[in-house]
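Residue numbers (my numbering), protein chains in the order written: chain A, 922 to 1242; chain B, 922 to 1242. Some notes on the structure that comes next.
In structure tokens form, the structure reads like this:
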């Protein structure tokens, strides 16, 4: 469960007022924060504490994570000249702390560690919009008016994502997840033409070196394309049922998801009802990793999440409606 | 094109600092603002200048439209006791200005007038969240934890929407559009159980008294259900191609949409390319009303929109790629 930490009191106790980008640079702290939800909930995998803008920040883009808002870029990318603000990521030099955190975690963990990176489109959207966006107007304007710059930027960001993931795998990450959180804002035609090739370079670059999970929100119309980008597991949000996702992408891909995080806030009883339905659907598909359909919401009650994890562990097919 | 007015200089000239809710109460002003985009763009229909919270505001809910944010409710609805804050809408008494605006417009317009209302779920989400929401946690919590209150609220809001629409039709509106803008935040199971029955009461209540358009954003997974709620036209946002929408709902329903509003901001050339694709898809479906897939964005260039309207009017099937 991504961002499972932020609803925990032990997380708030250990995290001082430094920014996430600063916390990520402290391997002891980053490892501890990664371990907290594993200890508390007994989940079956850990996901590295990091942020999708860590690599671009590390190579010099002036970016900060503003609480309650998200990544904010001091000078947004808009022109061909902005391409010079990026360079290839050298993980050993630029993000040694990420490598160190992975190594520390591998000593501590008895469950697999999932490394991660932001997909080129989603990272580009932060760079171009200058922060979180509702309409992605600048990003879409760039792709539709200056393809050369757009594809050059996608190329740079795919190299950065791939290098970062490879370094995490080399350090011991057992699987990777590529977050294209906002791909669902695009029409399928735009996704296929403007985004898919760069994403494919990342996922095919990983190849068989680690199991790959590909995730976005509101991507019901894109699932076949996102599966075909070269992944082993496809993340699905709650808007698309696993049954529909299964019909669209077939049994070649495992599915991950897809409880609505808001239902966890509604309480354990509604969460169990929805979870049982999802587990039944997942069992019919075959390969299924139970998860929320998006990150854990900050106001989530850790007690409900703990009970939900137990419920999933104890559940057997056919035992619920 | 909904919200086509707000990008116009003549709109900004006529709208003083009063709130939209105040402007709606001035029939001369509301009619003029409705007419502006029709004059400027030569579109084939007018959509009434109003807001989906006008009826609940008129019956006493303390609500204001905050610029750049949206409707903000002073005291959000959370409990069964809040149901007493609503009562049936009596349009002649509560919203006589809406009726008057429609009558004024019918004298002026040579194109059809589309009346409108907010669908029960979307209006409820504002009442419960207290304003625009990203995750709809309070709304989803209420539906999942207190069905009795939820369904009572849906019932009240469906009566209010239906009364408002009926009064607009009686005054002369030629068609109506029901906006369930945020329905796409729900899983299909939740939509079907918690929302569809109330929406159906509104649309079936209108019946054949006027053509009905049913619209939401990000509703690709809900299209069959939204069509089956009792509509003649189904609005589709840009995420779902008209070809896919056509395959899902069949030829019994006309489709409306679905140019990405952000592509209009990219400029006339990309907008034409996308529009031609949409028009070809719409022509293959049969009944098609060209429109944006969501409201006009405030930063839109009116010149581009005007050129786009001409392009649509002059376009003939098979003439573009």
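Built from N, CA and C at the ideal position, the CB exists for glycine as well. Note that this is a predicted model, so its numbers are computed, not measured.
Close beta carbons around residue i, own chain, < 7 Å, minus the five adjacent residues each side
i: residue 1102 of chain A; result: 1043, 1137, 1138
i: residue 1191 of chain A; result: 1184
i: residue 1219 of chain B; result: 927, 928
i: residue 990 of chain A; result: 1052, 1053
i: residue 1112 of chain A; result: 1104, 1143, 1146
i: residue 1021 of chain B; result: 948
i: residue 1106 of chain A; result: 1057
Three-way DSSP call (helix, strand, coil) for residue i in this model
i: residue 1172 of chain B; result: coil
i: residue 1124 of chain A; result: helix
i: residue 906 of chain A; result: Missing from the structure shown is residue 906 of chain A; chain A here goes from 922 to 1242 and no further.
i: residue 1115 of chain B; result: helix
i: residue 1180 of chain B; result: strand
i: residue 1013 of chain A; result: helix
i: residue 988 of chain A; result: coil
i: residue 981 of chain B; result: coil
i: residue 954 of chain B; result: helix
i: residue 1037 of chain B; result: strand
i: residue 1032 of chain A; result: coil
i: residue 1210 of chain B; result: strand
i: residue 1239 of chain B; result: coil
i: residue 963 of chain B; result: coil
i: residue 1072 of chain B; result: helix
i: residue 1018 of chain A; result: helix
i: residue 1222 of chain B; result: coil
i: residue 1067 of chain A; result: coil
i: residue 1104 of chain A; result: helix
i: residue 1024 of chain B; result: helix
i: residue 1140 of chain B; result: coil
i: residue 922 of chain B; result: coil
i: residue 1193 of chain B; result: helix
i: residue 1233 of chain B; result: helix
i: residue 973 of chain B; result: coil
i: residue 932 of chain B; result: helix
i: residue 1007 of chain A; result: coil
Same chain only: Cβ atoms within 6 Å of residue i, ignoring 5 sequence neighbours per side
i: residue 1034 of chain B; result: 967, 1026, 1094, 1095
i: residue 1216 of chain A; result: 923, 924
i: residue 1007 of chain B; result: 1077
i: residue 1167 of chain B; result: 1206
i: residue 1082 of chain A; result: 1038, 1123
i: residue 1172 of chain A; result: 1207
i: residue 1070 of chain A; result: 1001
i: residue 950 of chain B; result: 944
i: residue 1174 of chain A; result: 1148, 1155
Proximal residues of chain B, C-beta to C-beta of residue i below 9 Å
i: residue 1105 of chain A; result: 1139, 1160
i: residue 1165 of chain A; result: 1109, 1142
Cross-chain neighbours of residue i in chain A, by beta carbon under 8 Å
i: residue 1218 of chain B; result: 1056, 1058
i: residue 1153 of chain B; result: Ordered by position in chain A, no residue passes the 8 Å Cβ test against residue 1153 of chain B, which lies about 24 Å from the chain.
Per DSSP, the bridge partner or partners of residue i
i: residue 1133 of chain B; result: B/1097
i: residue 1087 of chain A; result: Its beta-bridge partners do not exist; DSSP assigns none.
i: residue 1155 of chain A; result: A/1135, A/1176
i: residue 1056 of chain B; result: DSSP output for residue 1056 of chain B lists no bridge partner at all.
i: residue 1042 of chain A; result: Residue 1042 of chain A is not bridged to any residue.
i: residue 968 of chain B; result: B/1035
i: residue 993 of chain A; result: A/985
Per-residue contacts from residue i into chain A (C-beta, under 7 Å)
i: residue 1191 of chain B; result: 1065, 1066
Contacts of residue i in chain A (Cβ-Cβ under 9 Å)
i: residue 878 of chain B; result: Residue 878 of chain B lies beyond the stretch modelled for chain B, which goes from 922 to 1242, so this question has no answer here.
Contact list for residue i against chain B, beta-carbon separation under 7 Å
i: residue 1202 of chain A; result: Within chain B, no residue comes near residue 1202 of chain A; the closest Cβ sits about 10 Å away, beyond 7 Å.
Chain-order list of residues whose beta-carbon lies under 8 Å from that of residue i (same chain, five-residue window excluded)
i: residue 1016 of chain A; result: 975, 976, 979, 1010, 1085, 1088
For this session: Please confirm if the stretch 1046-1055 of chain B is in contact with the stretch 1091-1098 of chain B, defined as three or more CB-CB distances below 8 Å between the two stretches.
Result: no
Exercise. Would the stretch 1059-1067 of chain A and the stretch 1129-1148 of chain A be scored as touching if the rule is three or more Cβ pairs under 8 Å?
Worked result: no
Exercise. Is the stretch 1112-1130 of chain B touching the stretch 1142-1154 of chain B in the sense that three or more CB pairs, one from each, lie closer than 8 Å?
Worked result: yes
For this session: Count the C-beta pairs between the stretch 1108-1122 of chain B and the stretch 1070-1084 of chain B that are closer than 8 Å, then say yes if the count reaches three, no if not.
Result: yes
Exercise. Are three or more beta carbon pairs between the stretch 953-969 of chain A and the stretch 995-1004 of chain A nearer than 8 Å?
Worked result: no
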